[in-house]
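Structure first, commentary second.
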Amino acid sequence: MIRWGLVFWAAFAALPAQADVLRADYAELAGRLAGRLDFEDFVRKPEPGMSVDSLIEAEGITLGEHVVGRPPQTVPGPGPGQFDAFFNLMGLPPDLPIAPGVPGRNMAVSLHDGLGSNALYPLGPVGFPDVGALGEGTIAVRFDSDQTEFGFRLHADYDDPLGSRPAPGRAFLMIFGRDGAPIGFDVIRLRHGPMDLAWRIDGGPGAAGFTLAPDDPPGYALDDFIFALVAPAS
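Here the working numbering is used: the first residue of the sequence shown is 15, the next is one more, and so on.
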């Protein structure tokens with residue numbers, strides 16, 4: 015099986031550099047960025063939680079499964095499982111309109127022991143309420159204003175102090191400008207326990223949004239998105 019991540023890597027590595035996408039310190043950004051999205055307004059329920067079949071919208075940000083016209087495809091995992099992946103993310107529509115997945119295949123929210131709060135799970139091919147769907151799907155994020163800094167928290171697997179479980183896989187972050195063109199990417203090598211992740215974009219346009227897709231990890235959860243808010247014109 016050809017890993018879809020190799021397809022992603024080859025496609026984006028061939029692009030001319032649009033901007034420098036650099037890792038940043040999540041805690042430092044969280045201390046000064048005003049934009050926040052968590053999931054504490056949802057009822058706290060244990061896994062599998064509750065299915066969310068619509069977009070999730072908050073001030074300055076919209077979350078869904080994919081950019082309009084570019085839904086994910088199902089990919090077989092190395093074992094019996096399946097996950098969703100993006101294969102065609104070139105030339106996205108301007109302003110990155112976001113769409114939800116089909117009902118039961120979009121997103122779920124549940125109480126996450128590892129993060130200590132409600133968290134978001136992109137749903138994979140087997141669908142809700144199967145716990146095997148949690149975190150095996152894709153997500154697309156659109157910002158209302160272009161961002162030079164943003165971040166989120168990610169949890170791929172619980173701590174493994176004895177080293178008895180294999181390491182989680184990877185997640186692929188693809189960043190796009192307001193015109194729909196890609197401006198950068200990052201390959202996130204996942205690990206056990208919570209990860210605080212953030213990025214800074216130097217040069218070129220700011221980020222209108224991004225997509226995130228797994229490479230057969232044991233499911234991932236997201237929380238605490240941070241970004242800048244632009245005050246409305248008076």
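Just so it is clear, CB atoms sit at the ideal spot from N, CA and C, and this is done for glycine as well. The structure displayed is predicted, hence computed values, not measured ones.
Checklist entry - What residues are listed by DSSP as bridge partners for Asp237? => result Paired residues: Arg167.
Item to check | Spatial distance of Asp160 from Gly63 (CA atoms) | outcome: If you draw a straight line from the Cα of Asp160 to the Cα of Gly63, it comes to about 32 Å.
Checklist entry - What did DSSP end up calling Ala28 once you bin it into helix, strand or coil? => result Because the pLDDT of Ala28 is 48, which lies under 50, any placement of that residue in the model is unreliable, and the number read from its coordinates should be weighed accordingly. In the three-state DSSP reduction, Ala28 falls in the coil class, being neither helix nor strand.
Next on the checklist: Within 10 Å of its beta-carbon, does Gly217 have 16 or more other beta-carbons around it, so buried, or fewer, so exposed?
Outcome noted: For Gly217, the number of other beta carbons within 10 angstroms of its own is below 16, and it is reported as exposed.
Item to check | Minimum C-alpha distance to Gly118 - residue among Gly130, Leu148, Gly91 and Gly128 | outcome: Ranking Gly130, Leu148, Gly91 and Gly128 by Cα distance to Gly118 puts Leu148 first.
Next on the checklist: For the pair the stretch 137-157 and the stretch 83-98, tell me if three or more CB-CB distances fall below 8 Å.
Outcome noted: A contact exists between the stretch 137-157 and the stretch 83-98.
Item to check | Meets three-Cβ-pair contact criterion under 8 Å: the stretch 44-58 and the stretch 119-131 | outcome: Segments in contact, yes.
Next on the checklist: How far does the alpha helix (DSSP H) with Leu43 in it extend, from its first residue to its last?
Outcome noted: Where Leu43 is concerned, the enclosing alpha helix (DSSP H) stretches over Tyr40 to Ala44.
Next on the checklist: For the stretch 71-86 against the stretch 105-120, do three or more pairs of beta-carbon atoms, one drawn from each stretch, fall closer than 8 Å, so that the two count as touching?
Outcome noted: Enough Cβ pairs lie closer than 8 Å, so yes.
Item to check | Check whether Thr225 and Leu103 have beta carbons under 8 Å apart | outcome: The answer is yes: Cβ separation under 8 Å.
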